[in-house]
Structures are given as structure tokens and as C-alpha cells.
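Colleague:
Residue numbers (this note's numbering), protein chains in the order written: chain A, 390 to 641; chain B, 390 to 641.
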């Protein structure tokens with residue numbers, strides 16, 4: 390905020406103060422909230438474009454903004470538009486029907502939503518707690534992201550081979566399959582987890598290695614869908630990458 | 390909008406209609422505007438994350454949204470936050486002081502703002518008109534993006550070699566240098582334009598070739614700043630890439 394805008398603000402607050410102390414307090418709160426909203430919207434953009442990188446928690450001043458974003462119409466709308474762009478690309482592709490045209494999906498915050506977990510765990514304002522998150526995973530109750538399920542169904546019908554590539558551990562295969570099925574996902578060609586030997590690798594390395602393996606098997610990776618840039622960047626890269634929104638956590 | 394929400398809407402409009410036709414009309418307009426804002430914000434995110442790709446013009450329903458975004462506080466705030474993230478990275482880097490630590494900038498909508506041109510040319514709702522845009526370039530009157538100038542100055546002081554890599558043509562060198570100087574930029578190490586032999590190449594190819602050339606000369610490309618993904622993607626890639634906002638036009 391430049392000095393000129395500060396002066397304007399003080400002038401404005403002075404006028405309001407002449408009214409009543411209650412009005413002044415209310416106005417100051419509104420001004421602060423508007424300034425937080427502007428900043429937090431810019432912060433969210435910097436997360437979604439990967440300008441931020443390596444961030445650990447949602448900034449304290451953005452805790453209400455992120456909660457509102459995730460709980461309200463905006464997250465659903467953003468996901469809808471990503472899916473519309475994905476479908477526009479899918480419909481433009483000529484499928485070879487040799488069973489090698491692959492579309493890769495990440496799982497968490499791409500196919501499944503962990504919003505019920507984050508809603509009672511501070512929506513990204515607290516440092517990731519692996520123990521409590523794994524307990525939630527074991528419950529296998531994460532719902533589908535509605536728009537992603539719509540995309541998934543159309544891709545299956547169009548003849549894409551669907552490959553799920555998740556940072557979850559091989560030990561979580563059973564609960565993950567149960568959760569995916571319960572949420573409405575089915576008929577994937579392959580579901581790839583981290584082995585113990587992959588632990589400690591950055592996700593971008595692990596996922597790139599697996600994409601290389603898939604290409605070596607003959608797959609053409611036409612698209613990748615993920616909520617983390619580490620789902621999408623690295624080599625080989627999909628022909629098209631679709632970044633799903635996620636202002637709640639970052640995985641390197 | 391799901392069928393349930395449609396029903397709710399009609400119920401709501403029915404209640405309002407009982408009041409007066411004017412109120413109904415006003416309410417319908419407000420509902421439509423809110424729905425446009427929600428959609429256009431999601432559309433803008435899909436542009437900034439490169440999910441949209443290959444788009445030609447701002448969707449008609451988003452013309453007012455984009456105009457407000459570019460003219461109001463949001464564009465400035467988004468650019469400010471990109472610059473803050475860029476500076477956080479710049480300050481974390483150990484400069485070798487051998488004159489080989491490079492930071493690459495695109496020019497249009499990264500260092501210079503063409504908002505005065507787009508403000509009288511439909512803010513991205515019209516197909517790009519090369520003739521009228523080149524006339525604007527020849528005037529050399531594009532102002533600096535304030536936040537970018539702040540970044541530029543600190544990078545210079547820190548010892549980064551600043552390289553400008555633009556899609557403009559070599560024939561525009563003189564007016565571009567005049568414009569950059571007039572806007573406050575100075576002391577760049579190199580200013581690279583397209584030669585006639587580069588015309589017709591996608592920007593992502595042209596810019597990658599030039600980055601390869603810079604690396605061959607011994608430069609370490611620590612960062613790239615650009616408003617187009619074609620400034621940032623392709624090989625070799627900078628260690629860090631910073632996507633500046635631009636919902637007005639797309640360059641492949």
C-alpha cells in the first residue's frame with residue numbers, strides 16, 4: 390500500500406471516527422478483511438502457478454480465505470473449468486485403440502477429496518501430520534471430486550487407458566482401492582503406489598520415473614491430471630498437463 | 390448449475406417477481422453477473438495455470454471481468470506477490486560473481502505494460518491486430534510494471550546478469566531500447582530479439598533455443614520471468630520460473 394493510499398485511508402477513517410467508535414472499529418475490520426482477501430487471492434494464484442513453491446502452511450492471515458474458498462462455490466467452479474478444459478483436449482484426440490493411449494491421474498485432491506479431513510484439521514494452516522492423515526486414509530471415506538468423476542467416466546468411454554499414479558504407499562493399496570471404488574471409480578488399467586524404496590524421493594522424481602516406465606511399456610502419455618506441480622513436471626512429460634486447484638498443501 | 394440449484398433459483402425469482410418487475414430484472418442481472426464472475430475467475434485461473442492453452446480471445450461474458458481485473462487492484466496485487474516470491478528466491482541464491490548468474494526477463498507484460506494499448510483495444514476480447522500493436526510499439530510509450538521495476542533494480546544490485554529475451558522483432562530494437570530506458574530499465578547484459586529466421590517458430594521453441602545458446606556461452610540461468618508459459622517451458626529450463634499474470638492474450 391503506497392503512502393498516498395495510506396493518507397486516503399486515514400482521511401476516510403477520520404471521517405468515520407466522527408460518527409462513532411463502533412462504526413470505526415467495524416470499518417477498520419472491513420478494510421483489513423478486504424486487504425487480506427486481495428492478498429490471499431494473489432497468494433493462491435502464486436501457489437497455483439508454482440511461483441510460491443516449497444510453502445509449508447497457509448499464511449495465517451489467509452486461514453478464513455482458504456476455508457471459504459474450499460467450502461464455497463469457488464473450488465467447485467475452478468475444478469469444473471479444469472475438467473472442461475481436459476475434456477476439450479480429450480475430445481480433440483484421435484485414440485489409436487491399441488490400448489496404449491494413457492491418461493494419468495493423481496489420487497488425493499485430484500480424484501478423491503480430503504476436504505472432510507482438512508475441514509477438521511485447520512485447512513492447511515497446520516503442518517502436515519502424517520499419522521492423523523494416514524488414519525483418515527485408512528477409513529477409506531474420501532468422497533469423489535464430482536467434476537473429476539465426470540471426466541473419468543467420459544475418458545473411459547472414449548477408450549483412454551486410465552493410470553492412477555499416487556504418492557501413497559503400497560501398504561495403503563487395499564484401503565485406497567476400497568475408497569476409489571466406493572467413490573465411484575472403476576476399470577483403471579493400473580494403480581501405482583510408492584514402494585518403500587521410493588520413500589524419501591521427491592514426488593516429482595518418483596512420478597517422472599514411473600512415467601518413464603510406462604513409456605518403456607509402450608504407453609503414449611497423452612495427459613496428466615494432478616493438484617500438485619510435482620504430478621505434472623519432470624521427464625517424460627505428458628502431452629498436456631492439467632493442474633487441479635489445491636491451496637491447502639504443497640508436495641515437492 | 391445442477392437441477393436443484395435451478396429450482397432454488399426459480400423459487401427465489403418467483404418470490405422476487407411478486408414484488409415488482411423492476412426488482413425481478415435487477416435481481417436476474419445480479420444473479421447473472423455473480424455467475425459470470427465465478428466462471429471468469431475460474432477461466433482466468435485456467436489461463437494462468439496453462440490448462441486453457443491455445444485460447445484466442447477473452448470469452449465474451451468475461452469482457453467486464455478482465456477489464457476490472459486489469460484496471461483495478463487485483464492485477465497490481467498479483468504482480469506484487471509474484472515479485473515478492475521472485476525476490477525471496479533471489480535472496481536465497483549465492484551469486485558466484487563470475488558474471489554468469491543470469492536472470493531472464495520477457496519484455497511485454499513482464500517488464501513493460503501494454504495496458505494503455507489494450508484498454509482502447511478491447512482488453513483481449515478482439516483478435517490480436519499486429520499492425521495496430523506494432524504502431525503502439527513504435528510510440529515507445531509503454532510504462533514499466535512498478536513491481537517488476539522493483540525486482541529488476543534489486544537483481545542488478547545483487548549482481549545478477551539481466552538478459553532480456555523478447556518475441557519482438559530485431560527491427561524493433563531501437564524503439565524497444567528507447568521504451569525500456571524511458572520506463573526506467575538499464576544496465577541489462579543482453580537484449581535478444583527474434584531474427585527474421587525465427588519468425589514462424591513458436592515462442593517456446595525460439596526462447597528455448599536462445600536459452601540453450603546462453604548456456605553454451607557459460608551462463609547459469611537461475612530464473613526466468615514471463616507472462617506466458619512459452620517464456621518459461623521448454624529446454625533448457627531455468628532453475629526457477631516465475632509466471633506473471635496475463636489474462637489478456639496468449640502466445641504459443
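Where is the CB? At the ideal position from N, CA and C, for every residue including glycine.
1) Just tell me which of A:513, A:418, A:555 has its CA closest to the CA of residue 592 (chain A).
2) Which parts of the region 455-521 of chain B are runs of the beta strand (DSSP E), unbroken and 3 residues or longer, counting only runs that do not cross its ends?
3) Roughly how many angstroms lie between the CA atoms of residue 561 (chain B) and residue 580 (chain B), to the nearest whole one?
4) Let's test the definition: count the other Cβ atoms within 10 Å of the Cβ of residue 595 (chain A) and tell me whether it reaches 16, buried, or not, exposed.
5) Could you check if residue 630 (chain B) is buried or exposed, using at least 16 other CB atoms within 10 Å of its CB as the buried criterion?
6) How long is the line joining the alpha carbons of residue 504 (chain A) and residue 599 (chain B), rounded to whole angstroms?
7) Relative to chain B, which residues along the region 458-471 of chain A have a C-beta separation below 8 Å, given in chain order?
8) Alpha carbon to alpha carbon, what distance is there between residue 612 (chain B) and residue 575 (chain A)?
9) Taking the alpha-carbon positions, what's the residue 474 (chain A) to residue 438 (chain B) distance?
10) Between the beta-carbon of residue 427 (chain A) and the beta-carbon of residue 634 (chain B), is there less than 8 Å?
11) According to DSSP, is residue 409 (chain A) part of a helix, a strand, or is it coil?
12) Under the rule that 16 or more other beta-carbon atoms within 10 Å means buried, what is residue 395 (chain B), buried or exposed?
13) Check the DSSP bridge columns for residue 610 (chain A) and list the partner residues they point to.
14) Hey, quick one: how far does the alpha helix (DSSP H) through residue 563 (chain A) stretch, first residue to last?
15) Check the DSSP bridge columns for residue 523 (chain A) and list the partner residues they point to.
16) Residues in the region 529-552 of chain A with C-beta within 9 Å of chain B's C-beta atoms, listed in sequence order?
17) Should residue 512 (chain A) be labelled buried (16 or more other beta-carbon atoms within 10 Å of its own) or exposed?
18) Under the rule that 16 or more other beta-carbon atoms within 10 Å means buried, what is residue 391 (chain B), buried or exposed?
19) Spell out whether any CB of chain B is found under 8 Å from the CB atom of residue 435 (chain A).
20) Just checking: is the beta-carbon of residue 499 (chain A) within a distance shorter than 8 Å of some beta-carbon in chain B?
21) Is residue 596 (chain A) close to chain B, meaning its C-beta is less than 8 Å from at least one C-beta of that chain?
22) Between which residues of its own chain and residue 456 (chain B) is the CB-CB distance below 6 Å, once the five residues before and five after are set aside?
23) Going by DSSP, what residues sit across from residue 533 (chain A) in a beta bridge?
24) Out of A:544, A:518, A:551, A:573, which has the shortest C-alpha to C-alpha gap to residue 535 (chain A)?
Modeller: Here's the rundown:
1) The alpha carbon of residue 592 (chain A) has as its nearest neighbour, out of A:513, A:418, A:555, the alpha carbon of A:555.
2) With a minimum length of 3 residues, the continuous beta strand (DSSP E) runs that stay inside the region 455-521 of chain B are 490-494.
3) Using only the alpha carbons, I get a separation of about 11 Å.
4) In this structure residue 595 (chain A) is buried. Its beta-carbon is surrounded by 16 or more other beta-carbon atoms within 10 angstroms.
5) By the 16-neighbour rule on beta-carbons within 10 angstroms, residue 630 (chain B) is buried.
6) In a straight line, the C-alpha of residue 504 (chain A) is about 44 Å away from that of residue 599 (chain B).
7) So the close ones are 462, 463, 466, 467, 469, 470, 471.
8) So the alpha carbons of these two residues sit roughly 42 Å apart.
9) Whole-angstrom Cα-Cα distance: 12 Å.
10) Contact: no.
11) In the three-state scheme derived from DSSP, where H, G and I count as helix and E and B as strand, residue 409 (chain A) is classed as coil.
12) Residue confidence for residue 395 (chain B) is low, a pLDDT of 48 falling below 50, so the modelled location carries little weight; the figure read from the coordinates is stated next. The residue is exposed, with fewer than 16 neighbouring Cβ atoms inside 10 Å.
13) A:491, per the DSSP bridge assignment.
14) Judged by DSSP secondary structure, residue 563 (chain A) falls within the alpha helix (DSSP H) whose first and last residues are 562-572.
15) Per the DSSP secondary-structure output, residue 523 (chain A) pairs with nothing in a beta bridge.
16) The residues in question: there are none.
17) Classification of residue 512 (chain A): buried, given that the 10 Å Cβ count is 16 or more.
18) Confidence in residue 391 (chain B) is poor, its pLDDT being 47 and thus under 50, which makes the residue's placement unreliable; the coordinate value appears in the next sentence. Looking at its Cβ environment, which holds fewer than 16 other Cβ atoms inside 10 Å, residue 391 (chain B) is exposed.
19) It does: the Cβ of residue 435 (chain A) has a partner Cβ on chain B nearer than 8 Å.
20) With a threshold of 8 Å between beta carbons, residue 499 (chain A) makes no contact with chain B.
21) No, residue 596 (chain A) does not count as interfacial toward chain B.
22) Excluding positions up to five away in sequence, the list reads 512.
23) Per DSSP, A:501.
24) The residue from A:544, A:518, A:551, A:573 with its alpha-carbon nearest to that of residue 535 (chain A) is A:573.
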